[in-house]
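What follows is a set of notes on a single structure, which appears directly below.
There are 2 protein chains.
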Amino acid sequence: MSVMRKGVSAVAPHPTPEPAGNPEWLNTIMKGDCVAALNKLPSKSVDLVFADPPYNLQLGGDLHRPDHSKVDACDDHWDQFESFEAYDAFTRAWLMATRRVMKDDGSIYVIGSYHNIFRVGAILQDLGFWIMNDIVWLKSNPMPNFRGKRFTNAHETIIWATKSKTAKPTFNYDALKTFNDDLQMRSDWHLPLCTGGERLKDDDGQKVHPTQKPEALLYRVLTASSQPGDVVLDPFFGTGTTGAVAKKLGRNFVGVEREQDYIDAATSRIEAIETGSGASLDMQKGKRAEKRIPFGNLLESGLLEPGAELSCSKGHHLAVVRADGSLKCGDFTGSIHKVGAMVQGASSCNGWTFWHTSKGRSRSPIDDLREEIRTRLRS
Amino acid sequence: MSVMRKGVSAVAPHPTPEPAGNPEWLNTIMKGDCVAALNKLPSKSVDLVFADPPYNLQLGGDLHRPDHSKVDACDDHWDQFESFEAYDAFTRAWLMATRRVMKDDGSIYVIGSYHNIFRVGAILQDLGFWIMNDIVWLKSNPMPNFRGKRFTNAHETIIWATKSKTAKPTFNYDALKTFNDDLQMRSDWHLPLCTGGERLKDDDGQKVHPTQKPEALLYRVLTASSQPGDVVLDPFFGTGTTGAVAKKLGRNFVGVEREQDYIDAATSRIEAIETGSGASLDMQKGKRAEKRIPFGNLLESGLLEPGAELSCSKGHHLAVVRADGSLKCGDFTGSIHKVGAMVQGASSCNGWTFWHTSKGRSRSPIDDLREEIRTRLRS
DNA sequence: TACGTCCATGAATCGGGCT
DNA sequence: CAGCCCGATTCATGGACGT
Chain A
904 MSVMRKGVSA
914 VAPHPTPEPA
924 GNPEWLNTIM
934 KGDCVAALNK
944 LPSKSVDLVF
954 ADPPYNLQLG
964 GDLHRPDHSK
974 VDACDDHWDQ
984 FESFEAYDAF
994 TRAWLMATRR
1004 VMKDDGSIYV
1014 IGSYHNIFRV
1024 GAILQDLGFW
1034 IMNDIVWLKS
1044 NPMPNFRGKR
1054 FTNAHETIIW
1064 ATKSKTAKPT
1074 FNYDALKTFN
1084 DDLQMRSDWH
1094 LPLCTGGERL
1104 KDDDGQKVHP
1114 TQKPEALLYR
1124 VLTASSQPGD
1134 VVLDPFFGTG
1144 TTGAVAKKLG
1154 RNFVGVEREQ
1164 DYIDAATSRI
1174 EAIETGSGAS
1184 LDMQKGKRAE
1194 KRIPFGNLLE
1204 SGLLEPGAEL
1214 SCSKGHHLAV
1224 VRADGSLKCG
1234 DFTGSIHKVG
1244 AMVQGASSCN
1254 GWTFWHTSKG
1264 RSRSPIDDLR
1274 EEIRTRLRS
Chain B
904 MSVMRKGVSA
914 VAPHPTPEPA
924 GNPEWLNTIM
934 KGDCVAALNK
944 LPSKSVDLVF
954 ADPPYNLQLG
964 GDLHRPDHSK
974 VDACDDHWDQ
984 FESFEAYDAF
994 TRAWLMATRR
1004 VMKDDGSIYV
1014 IGSYHNIFRV
1024 GAILQDLGFW
1034 IMNDIVWLKS
1044 NPMPNFRGKR
1054 FTNAHETIIW
1064 ATKSKTAKPT
1074 FNYDALKTFN
1084 DDLQMRSDWH
1094 LPLCTGGERL
1104 KDDDGQKVHP
1114 TQKPEALLYR
1124 VLTASSQPGD
1134 VVLDPFFGTG
1144 TTGAVAKKLG
1154 RNFVGVEREQ
1164 DYIDAATSRI
1174 EAIETGSGAS
1184 LDMQKGKRAE
1194 KRIPFGNLLE
1204 SGLLEPGAEL
1214 SCSKGHHLAV
1224 VRADGSLKCG
1234 DFTGSIHKVG
1244 AMVQGASSCN
1254 GWTFWHTSKG
1264 RSRSPIDDLR
1274 EEIRTRLRS
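So this is what it looks like as structure tokens:
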């Protein structure tokens, strides 16, 4: 494979849990045009994409006439259309190239401001991507609006999307909830700008990259939508924040960047990073990750006897356990879930938390017995 | 002029500073299709537009809360579109009709969610509108994500645009700054949902409109981008929040609405309002309360590294920090609070004061690190 | 009256594995 | 691929009601 130009395999691949045989493009920065470089990667090889595309349209003189003459809205409209057309074509091109290298259940995050994010979002939808959330990064220390003509632009927008409506992306819900003091993570992220020691400066003290993103932002994206060992692509790598955080969190990365200065800065930056130890990268897991225990196991293991009586938490509903693992409540029989739903008149029910055993006056959910089985299995 | 159908001039025009001779459509609700109604208004007659168009939510089946109650979703027919193309055509049509009736220096605000706002924003740009800001309405009390599959959708986006790049829109910078405790008004607005007494209910106690917006939101829009006596258009009038706030603030309004039920509700609502009663109205101020800092922020910001060891104040209990912000203590994992409670055998625990970092022989609570983050956020 | 508990509800693109 | 069925999943707020 000749994905990389000479001298561009900038960062030595670091050890990761998997895959064992790393392709040579892994944990490197590919120099060159975004689309051309992406076309050299294999299809469906990337778990997560973070993209911070350029959005300098309208900020330069593109829309001014050379003579600065005043134009009415109609003429102006044509100029804008031309410019937006070009930006749209660029956006479609890199999004299509990115789409090809994404795994079917992968995620893509794109960040932008009001100058470009609406075009990016609409094109994502037009290309068949399925938006999961939009997220707002609220800057605690934004640049004030000096002229007092607008609201202080204190946020940027991030779109999280999958390749299709039916995709089942990684989403570490429990890890994020734990991270957030046991509350669901919301779509508003309050994070400071990238400043201070984190901001890369050149020898003259000038910032190396105009829009270096804070590592905290990438930390959260990678924690949400990837697992250790996953491959994270950043098609506009810049000074390598994505790669730095990926390495810190034990993910693999691959970047694309055109400017050699940025590649150099990113390379040394990432080399200085140490991957966290294996155990510290484990994520908080929820019940969904646990092995399924059929209710019948409680009988097989002797934790429940056939004929045992179960009740709801308040003792209003009673049912008898039968030897085959079904419940009998009046004339109705079925699984713990079905009978639980029936007695409540609900369409569904989690029998594990609904039904309880009694010891004296206290009741405990049969989920405790399931946990006992799991403990035995682990030991 | 025959803008209004009989019986539709629903709200008696109220006295306003100007214009002296009010056109008959002023301070009325026009019944019918948005574009057809707008085409009956004179060109360049409107100072400010607030539009809350259909979001084109594409909902699947029913959604239930964990307690099995059913979510009362917005599944009204007016929110259904066959395709993005159909939604785009609809959006272009009402935006072009709106553009004609806007004064050249007027402003338009459009609110939406990720389902539609990217299409609206791109079409605004395509039609020659000039985006001044995008604003995020952060909901203090959003509906949670019940299935744990996405981030809590805790915000909506508002686009503020003018008819052209050269427009000079009204922007009451100083008034907003005063409202905001002498700080520049930012692009993030923290406001609660429209609930409680403000929410219009019918005789059965059911909400009249599925998406009634809070008056505080409109209060802020009108305060920012209009003057007393200005004309404010809402092409999707609904139950008349825009009209209600306009009357309170001494602005004129004109609304368009198709559903008679909404018109009736809006009419009586607005009739009950007195102009200038807003003297006692205080704009919802940006909350200066101390922000909650989730434990995960310490990792994102680099104040703690994955793998770091924490202890209780006396060093009896030890735990390891994992990359996702969970603690690991033996086989037990969870948030700093849960693990703290577990090791003490307590039902709850303030992890911030219980867990300590060590430097040499001295220990300091991780609360100190949280204070460090707060300091950074304040800077 | 004050306080505590319970309940209802909000623009929501909300499951997944096995047969 | 459709169907079956296990079983996981919520936060802030306001109002009603009880003590």
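In order, the protein sequence lines correspond to chains A and B. So the first sequence is numbered by the numbering used here: it starts at 904 and just counts up by one. So the second sequence is numbered by the numbering used here: it starts at 904 and just counts up by one. Idealized CB from N, CA, C, for every residue including glycine.
- Of all alpha-carbon atoms in Ile932/A, Asp936/A and Arg1172/A, the one lying nearest the alpha-carbon of Asp1105/A is that of Arg1172/A.
- Take Arg1266/A, set aside five residues on each side of it, and the residues of its chain with a beta-carbon closer than 8 Å to its own are Ser1214, Ser1216, Gly1218, His1259 and Thr1260, in chain order.
- Counting C-beta atoms within 10 angstroms of its own C-beta, Gly1243/A has 16 or more neighbours from the protein chains shown and is therefore classed as buried.
- For Lys1190/A, the closest of Thr1256/A, Pro1117/A and Ser1067/A by C-alpha to C-alpha distance is Thr1256/A.
- Runs of the alpha helix (DSSP H) spanning 4 or more residues and lying entirely within the segment 1061-1099 of chain B occur at 1076-1082, in chain order.
- The DSSP-derived three-state label of Cys937/B is helix.
- Across the segment 1126-1143 of chain B, no CB contact with chain A closer than 7 Å is found for any residue.
- The C-beta of Pro1113/A has fewer than 16 other C-beta atoms within 10 Å across all chains shown, which makes the residue exposed.
- Straight-line spacing of the CA atoms in Gly1143/A and Thr994/B works out to 39 Å.
- Inside the segment 1178-1230 of chain A, DSSP marks whole beta strand (DSSP E) runs of 3 or more residues at positions 1212-1214 and 1221-1224, from first to last along the chain.
- Taking 3 residues as the minimum length, the beta strand (DSSP E) runs contained wholly in the segment 984-1048 of chain B are 1005-1015 and 1033-1042, in order along the chain.
- Per the coordinates, the alpha-carbon of Tyr990/B lies some 8 Å from the alpha-carbon of Asn959/B.
- Using a C-beta cut-off of 8 Å, the segment 962-979 of chain B makes no contact with the segment 946-953 of chain B, since fewer than three inter-stretch Cβ pairs fall below that distance.
- Going by DSSP, His1259/A is part of the beta strand (DSSP E) stretching over His1259 to Lys1262.
- Within chain A, no C-beta atom comes nearer than 8 Å to that of Arg1123/B; the closest sits roughly 10 Å away.
- Under the Cβ distance rule, Val952/A does not count among the residues neighbouring chain B, no pair being separated by less than 7 Å.
- Taking a cut-off of 8 Å on C-beta distances, the segment 1150-1159 of chain B touches the segment 1133-1142 of chain B, as three or more cross pairs fall below it.
- Residue-level contact by beta carbon holds for Phe1021/B and chain A, with a gap shorter than 7 Å.
- In the DSSP assignment, Glu1275/A falls within the unbroken alpha helix (DSSP H) covering Asp1270 to Arg1281.
- DSSP places Asp950/B within a strand segment (E or B) once states are collapsed to three.
- Between the segment 1053-1066 of chain A and the segment 1014-1022 of chain A there are three or more inter-stretch CB-CB distances shorter than 8 Å, so the stretches are counted as touching.
- A Cβ of chain B is located within less than 7 Å of the beta carbon of Asn1036/A.
- In this structure, Ile1239/A is the residue among Ile1239/A, Thr1278/A and Cys937/A with its C-alpha nearest to the C-alpha of Pro1268/A.
- Annotation: the continuous beta strand (DSSP E) that includes Asp1137/A extends over Val1134 to Asp1137.
- Spatial neighbours of Ser1282/A in its own chain (CB-CB distance under 7 Å, excluding positions within 5 residues in sequence) are not present.
- Using a Cβ-Cβ cut-off of 7 Å, Phe1049/B does not count as an interface residue toward chain A, since no Cβ of chain A sits closer than that to its own.
- One Cα belongs to Gly1132/B, the other to Arg1050/A, and the distance between them is close to 26 Å.
- For Ser1183/A, the chain B residues whose C-beta falls within less than 9 Å of its own C-beta are Glu1208, Pro1209, Gly1210, Ala1211, Val1223, Val1224, Arg1225, Ala1226 and Lys1231, listed in chain order.
- Counting other Cβ atoms within 10 Å of its Cβ, Arg1154/A reaches 16 or more and is therefore classed as buried.
- By the neighbour-count definition (other C-beta atoms within 10 Å, threshold 16), Arg1123/B is a buried residue.
- In this model, Asn1048/B and Lys943/B are separated by some 43 Å (Cα to Cα).
- Look at Gln1115/A: its C-beta is not under 7 Å from any C-beta on chain B.
- Between Ser1090/A and Phe987/B, the CB-CB gap reaches or exceeds 7 Å.
- Segment contact: the segment 1090-1099 of chain A against the segment 1029-1043 of chain A, three or more CB-CB distances shorter than 8 Å; contact assigned.
- Arg1266/A carries a strand assignment under DSSP once its states are collapsed to helix, strand and coil.
- Shown here for Lys1188/A: same chain residues with a beta carbon closer than 7 Å to its own, the five before and five after excluded, namely Asp1077 in chain order.
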